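Enquirer: Our numbering puts the first residue of the sequence shown at 246, with every later residue one more than the last.
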Amino acid sequence: MQDDALATHDKEIKEVFSVDDLLRVFPRHMADHTPRRVRKGIFGRSILTTEKISIHSKPKRRKLARRMCVPADKFKFTSDIAVYGHKVSLASLRGNLSGVIIESKSIATTLASLFELAWQAAKKYQNEDKKK
């Protein structure tokens, strides 16, 4: 599924996932997948959760990537959802590991719009510590 996303002609992948679960299932994801994505010039935008770092931690600058971290206790991401081109990939990251790629312009457009809505809402959590 990761190879399919990297084969996209679209230059952006929108993704929602738990870093902790993704790295438990694919421990070499950051070392293998990310450099390949960057070499292909594909920008990655992610909304993610993690229990290993504070959501207030300043995100590392990554080439061709922008990430927003939201609280894992409020948002239970147990699957990886990626939208790219006219495709959506869904992969479970807990329990019985399974996945599917759906090729549908309509479904991809709708989920891309939901991602944009979530992206706007995630901004609230990036500024949360500034309000305190």
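C-beta: ideal position from N, C-alpha, C; glycine also. Just so it is clear, the structure is predicted and the values come from calculations on it, not from any experiment.
Kindly indicate which residue of Glu296, Glu257, Ser337 has the alpha-carbon position closest to the one of Glu361.
Expert: Closest by alpha carbon: Glu257.
Enquirer: Compare the Cα-Cα distances from Leu309 to each of Leu251, Pro316, Arg290 and report the closest residue.
Expert: Out of Leu251, Pro316, Arg290, Arg290 has the C-alpha closest to the C-alpha of Leu309.
Enquirer: Measuring only the C-alpha atoms, how far is Ala250 from Tyr329?
Expert: Cα to Cα, Ala250 sits roughly 7 angstroms from Tyr329.
Enquirer: Beta-carbon within less than 7 angstroms of Leu335's beta-carbon, same chain only, minus the 5 sequence neighbours each way: which residues are those?
Expert: Ser324, Ile326, Gly344, Val345, listed in sequence order.
Enquirer: Mind checking whether Ile292 and Met313 have CB atoms under 8 angstroms apart?
Expert: Cβ atoms of Ile292 and Met313: closer than 8 angstroms.
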